[in-house]
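Note sheet for the following structure.
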Amino acid sequence: MPSLIKLRLITIKISAITIFMGAVYLSLFYILLHAWFLHKHKTMKMRTLGVNLSKVVVHIDLKGSPPKLAYLESVLPLFKDLGVNALLMEYEDMFPYKGNIASLSSNICYKEHELRQFITAAGRAGFEIIPLIQTFGHLEHALKLSEFNHLREVLLYPDSICPSKIESMTLIKDMLKQIVLFHNSIYPLKHLHIGFDEVFHMNKCAQCRLRNETDLDIYFNHLQKVKYIVKLWSPNTTVLIWDDMLRGIKLNDFEHRDLTNTEPVYWDYAPFLRVSHNNLYKYHKNFENIWIASAFKGAEGRTATLPSLRNRFINHVEWLKFIFHYKFGGENKIYNFKGIILTGWSRYSHMDPLCEILPVSIPSLVLNLLLIKFFQEGQIENAYLLESSEIFNRFLKNNVNKHLQCEDDISLENFETSSCTFNGHQIYSILEQYIFQNDEILDKFNDVKEGLFSLEYYYKLNHLNMNTILPAIKWCNESLLDLIATENKIFNLMLQYYDVLVVQEYVNYKFYDGKKKLIGLLKLLKHYYINHTWYRNPPHRYKFHSG
Numbered sequence: 000m001p002s003l004i005k006l007r008l009i010t011i012k013i014s015a016i017t018i019f020m021g022a023v024y025l026s027l028f029y030i031l032l033h034a035w036f037l038h039k040h041k042t043m044k045m046r047t048l049g050v051n052l053s054k055v056v057v058h059i060d061l062k063g064s065p066p067k068l069a070y071l072e073s074v075l076p077l078f079k080d081l082g083v084n085a086l087l088m089e090y091e092d093m094f095p096y097k098g099n100i101a102s103l104s105s106n107i108c109y110k111e112h113e114l115r116q117f118i119t120a121a122g123r124a125g126f127e128i129i130p131l132i133q134t135f136g137h138l139e140h141a142l143k144l145s146e147f148n149h150l151r152e153v154l155l156y157p158d159s160i161c162p163s164k165i166e167s168m169t170l171i172k173d174m175l176k177q178i179v180l181f182h183n184s185i186y187p188l189k190h191l192h193i194g195f196d197e198v199f200h201m202n203k204c205a206q207c208r209l210r211n212e213t214d215l216d217i218y219f220n221h222l223q224k225v226k227y228i229v230k231l232w233s234p235n236t237t238v239l240i241w242d243d244m245l246r247g248i249k250l251n252d253f254e255h256r257d258l259t260n261t262e263p264v265y266w267d268y269a270p271f272l273r274v275s276h277n278n279l280y281k282y283h284k285n286f287e288n289i290w291i292a293s294a295f296k297g298a299e300g301r302t303a304t305l306p307s308l309r310n311r312f313i314n315h316v317e318w319l320k321f322i323f324h325y326k327f328g329g330e331n332k333i334y335n336f337k338g339i340i341l342t343g344w345s346r347y348s349h350m351d352p353l354c355e356i357l358p359v360s361i362p363s364l365v366l367n368l369l370l371i372k373f374f375q376e377g378q379i380e381n382a383y384l385l386e387s388s389e390i391f392n393r394f395l396k397n398n399v400n401k402h403l404q405c406e407d408d409i410s411l412e413n414f415e416t417s418s419c420t421f422n423g424h425q426i427y428s429i430l431e432q433y434i435f436q437n438d439e440i441l442d443k444f445n446d447v448k449e450g451l452f453s454l455e456y457y458y459k460l461n462h463l464n465m466n467t468i469l470p471a472i473k474w475c476n477e478s479l480l481d482l483i484a485t486e487n488k489i490f491n492l493m494l495q496y497y498d499v500l501v502v503q504e505y506v507n508y509k510f511y512d513g514k515k516k517l518i519g520l521l522k523l524l525k526h527y528y529i530n531h532t533w534y535r536n537p538p539h540r541y542k543f544h545s546g
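Once you know that position 534 of the sequence shown is 533 in numbering that gives the first Met the number 0, the rest is easy, because the numbers rise by one and skip nothing.
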């Protein structure tokens with residue numbers, strides 16, 4: 000009996016231990032399950048708080064000023080780290096066209112093998128390449144040429160092509176065929192941008208007017224023809240267009256238009272947006288997807304030297320606030336814009352001067368890509384309520400410093416590069432020096448105390464104060480030497496990034512006006528600084544000095 004009782008006690012103890020261990024395991028399982036649920040819920044909440052942009056695209060504007068491909072390839076890791084997954088390559092005259100359209104290519108266009116090598120490297124790094132080929136407006140690089148000038152809509156203006164001429168469609172077909180086949184031979188072409196913006200001259204030529212169609216009909220008919228050409232060579236490619244020519248069109252004007260495989264890109268580069276909800280609604284009802292476009296450079300003016308960090312940042316903040324949890328009227332579902340294109344214009348058109356170059360625009364690009372990541376991650380619920388300065392100071396400044404390799408904190412108002420070592424900091428710094436020198440020269444010429452602007456006129460009247468001439472000569476000499484020294488520094492630094500012909504154009508036009516003013520004034524002052532006799536007053540009887 001005692002052994003039986005002992006056995007039962009052992010059995011009871013084992014059962015108790017088993018029950019206890021089971022309870023412990025169940026408790027641990029519950030704790031882990033609860034933790035997993037909380038993590039998943041938090042992750043889902045963060046996702047719902049963030050902006051959903053499947054495509055973050057950097058625009059590389061190549062027209063007339065292609066950066067060296069080695070430099071472009073060197074910045075790909077930075078782009079990748081900042082969330083970029085596509086490049087919009089605006090070739091214009093930098094694509095190596097062949098055959099009967101070889102004259103479209105610049106003498107400094109990319110070589111086919113080096114372009115293929117770059118696109119291959121970009122694809123391996125995870126970047127989609129989206130070519131941008133203008134096919135309606137902004138065709139100056141083609142229509143300026145004598146062999147294509149008869150295709151202009153208005154003979155005086157080489158920007159807009161006549162869509163009614165058979166030869167126009169032949170030219171567009173040849174361009175698109177070479178671009179599409181080249182890209183598809185490397186990676187499948189998912190998207191192709193065909194421009195269609197700023198068609199300043201439409202339905203003006205006799206051949207177009209004979210069609211007896213509205214501007215809108217001509218626009219959409221040309222769009223259909225271009226899309227057909229793309230589909231012919233690349234049936235799975237989606238066509239992108241800039242949206243500005245569609246703004247103001249009535250909703251019913253979209254009816255019976257074939258807009259399949261077409262997606263508009265709504266662009267606005269101003270610090271404070273002027274985006275129309277009405278236009279967006281019309282696009283939403285007629286297109287499968289909508290893209291947006293901001294600007295990280297090329298929006299401060301035709302001859303701007305450096306992008307305004309403040310203006311470019313506010314432009315992106317306003318866009319991201321605008322699309323944050325965007326809903327169309329009558330819909331409960333949040334609308335997800337397909338992507339954002341950060342445009343970086345090099346020229347306002349083929350015929351315009353160079354504006355901000357890419358290496359000095361990297362700070363703006365880094366700043367705004369970090370901003371996009373911040374909105375995508377949805378780290379705080381009320382990001383769209385914050386002021387731009389608070390977003391920068393609280394959430395971005397440290398990361399921007401890190402990516403630009405700056406020891407001192409940067410400022411949106413006054414970006415100081417002396418403590419930064421990003422690729423391009425040297426040329427950024429020397430261009431700041433150029434701006435200071437150039438402004439100082441212009442200010443000196445226009446200063447009413449100095450009166451330099453009056454010297455040329457009074458030189459012609461042979462009526463100058465000899466006591467002011469020697470100091471003016473001294474200032475002109477010193478300013479000219481300083482300007483030439485800065486010019487040489489910029490020239491040598493730019494050669495790291497651009498072909499010598501691009502560098503020559505940029506440097507010559509930047510320094511042309513300042514040097515001309517100084518050299519001209521110096522010449523006449525030196526000529527005047529000799530022994531003189533003067534005429535009697537009054538001034539209205541003076542004869543112009545013939546020297």
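Ideal placement from N, C-alpha and C gives every residue a C-beta, glycine not left out.
Nothing here was measured: the structure is a model prediction, and the numbers come from that model.
#1: Who are the Cβ neighbours of A120 in its own chain at under 6 Å, not counting the five residues just before and after it?
#2: Quick one: Cα of S388 to Cα of F394, how far?
#3: Rank I118, C204, F321, K62 by C-alpha distance to the C-alpha of L103 and give the top, closest one.
#4: When you compare each of N464, C161, L460, N437 to G450 by their alpha carbons, which one comes out closest?
#5: By the 10 Å Cβ neighbour count, where 16 or more other Cβ atoms means buried, how is I489 classified, buried or exposed?
#6: Can you tell me the Cα-Cα spacing of H112 and L144, whole angstroms?
#7: Please classify L454 as buried or exposed, where buried requires at least 16 neighbouring CB atoms within 10 angstroms.
#8: Measuring straight from C-alpha to C-alpha, what distance separates K39 and Y156?
#9: Thinking C-beta only, is I217 closer than 8 Å to L175?
#10: Nearest by alpha-carbon distance to E299: which of L258, R346, H283, E287 is it?
#11: Assuming L81 contacts L368 (C-beta within less than 8 Å), just tell me the rounded distance between them.
#12: Please look up how many angstroms separate the CB atoms of I340 and V56, rounded, as I've assumed it's under 8 Å.
#13: Whole beta strand (DSSP E) runs in the segment 293-356 with 3 or more residues, listed along the chain?
#14: Just curious, the beta strand (DSSP E) that K54 is in, first and last residue?
#15: Where do the N-terminal and C-terminal ends of the alpha helix (DSSP H) with W232 fall, by residue?
#16: If you check the beta carbons only, do S64 and L353 fall under 8 Å apart?
#17: Hey, W241 and F199: beta-carbon distance below 8 Å or not?
#18: From what residue to what residue does the beta strand (DSSP E) around L86 run?
#19: Going by DSSP in three states, V153 sits in which element: helix, strand or coil?
#20: Output the distance between the C-alpha atoms of A269 and V83, rounded to the nearest integer angstrom.
#21: Can you give me the start and stop residues for the alpha helix (DSSP H) that L430 sits inside?
#22: Going by DSSP, name the residue or residues bridged to D497.
#23: Can you round the beta-carbon distance between I129 and H221 to whole angstroms, since I take them to be within the 8 Å contact cut?
#24: Output the distance between the C-alpha atoms of K226 and E439, rounded to the nearest integer angstrom.
#25: Please determine, among E317, V274, H190, the residue with the shortest C-alpha to C-alpha distance to T237.
#26: Quick one, which of K230, K337, F271 has its alpha-carbon nearest Y282's?
#27: Identify the continuous alpha helix (DSSP H) that holds Y366 and give its terminal residues.
#28: Can you tell me which of G98, V179, E139 puts its alpha carbon nearest to the alpha carbon of V229?
#29: Buried or exposed for G297, going by 16 or more other Cβ atoms inside 10 Å?
#30: Which of the three DSSP states is assigned to L188 in this structure?
#31: Return helix, strand or coil for E72, following the three-state DSSP convention.
#32: Quick one: grab the DSSP three-state call for D474.
#33: The beta strand (DSSP E) with V399 in it runs from where to where?
#34: Apart from the five residues on each side of it in sequence, which residues of its chain come closer than 7 Å, Cβ to Cβ, to F117?
#35: Taking the straight line between their C-alpha atoms, what separation do you get for V101 and D481?
#36: Around the Cβ of I85, are there at least 16 other Cβ atoms within 10 angstroms (buried) or fewer (exposed)?
Short version:
#1: Cβ within range, chain order: E72.
#2: C-alpha of S388 to C-alpha of F394: approximately 10 Å in a straight line.
#3: Per the Cα distances, K62.
#4: Ranking N464, C161, L460, N437 by CA distance to the CA of G450 puts N464 first.
#5: With 16 or more Cβ atoms within 10 Å of its Cβ, I489 is classed as buried.
#6: Answer to the nearest angstrom: the Cα atoms are 26 Å apart.
#7: When all chains shown are included, L454 counts as buried.
#8: In this predicted model, K39 has a pLDDT of only 44, less than 50, meaning its place in the structure is not dependable enough to derive any value.
#9: No, the Cβ-Cβ distance between L175 and I217 is not below 8 Å.
#10: The alpha carbon of E299 has as its nearest neighbour, out of L258, R346, H283, E287, the alpha carbon of R346.
#11: In this structure L81 touches L368 by the C-beta definition: roughly 4 Å separates them, less than 8 Å.
#12: Sure, about 4 Å apart at Cβ, within 8 Å.
#13: If one requires a minimum length of 3 residues, the beta strand (DSSP E) runs lying completely within the segment 293-356 are 338-343, in chain order.
#14: Counting along the chain, the beta strand (DSSP E) containing K54 begins and ends at 54-60.
#15: 214-232 is the span of the alpha helix (DSSP H), which, as asked, contains W232.
#16: Yes, the pair counts as a contact, with Cβ atoms nearer than the cut-off.
#17: In this structure, the beta-carbon distance from W241 to F199 does not fall below 8 Å.
#18: Segment 85-89, the beta strand (DSSP E) holding L86.
#19: The answer is strand: DSSP assigns V153 an E or B state.
#20: Those two C-alpha atoms are separated by around 22 Å.
#21: First-last of the alpha helix (DSSP H) with L430: 424-445.
#22: Reading the sequence as shown, one finds Tyr at residue 497 and not Asp. Note: Y497 sits in a beta bridge opposite P66.
#23: The pair is not a contact, with the Cβ atoms about 21 Å apart (cut-off 8 Å).
#24: In a straight line, the C-alpha of K226 is about 52 Å away from that of E439.
#25: Comparing Cα positions, the closest option is H190.
#26: That would be K337, whose Cα lies nearest to the Cα of Y282.
#27: Here residue 366 is Leu; the residue named in the question, Tyr, does not match the sequence. Start and end: 361-376.
#28: Minimum Cα distance to V229 is reached at V179.
#29: Counting Cβ neighbours within 10 Å, G297 comes out buried, since at least 16 surround it.
#30: Residue state for L188 is assigned as coil, using DSSP reduced to three classes.
#31: In the structure shown, E72 sits in a helix (DSSP, three-state: H, G or I).
#32: One point to set straight first is that residue 474 is Trp, not Asp, in the sequence displayed. Helix.
#33: Looking at the DSSP string, V399 is not in any beta strand (DSSP E); the run it does join, the alpha helix (DSSP H), is 396-403.
#34: Beyond the five residues adjoining it in sequence on each side, F117 comes within less than 7 Å, by CB distance, of L68, L71, E72 in the same chain, given in chain order.
#35: Residue identity differs from the one stated: residue 101 is Ala in this sequence, not Val. C-alpha of A101 to C-alpha of D481: approximately 43 Å in a straight line.
#36: One point to set straight first is that residue 85 is Ala, not Ile, in the sequence displayed. Counting the other CB atoms within 10 Å of its CB gives A85 a total of 16 or more, which places it among the buried residues.
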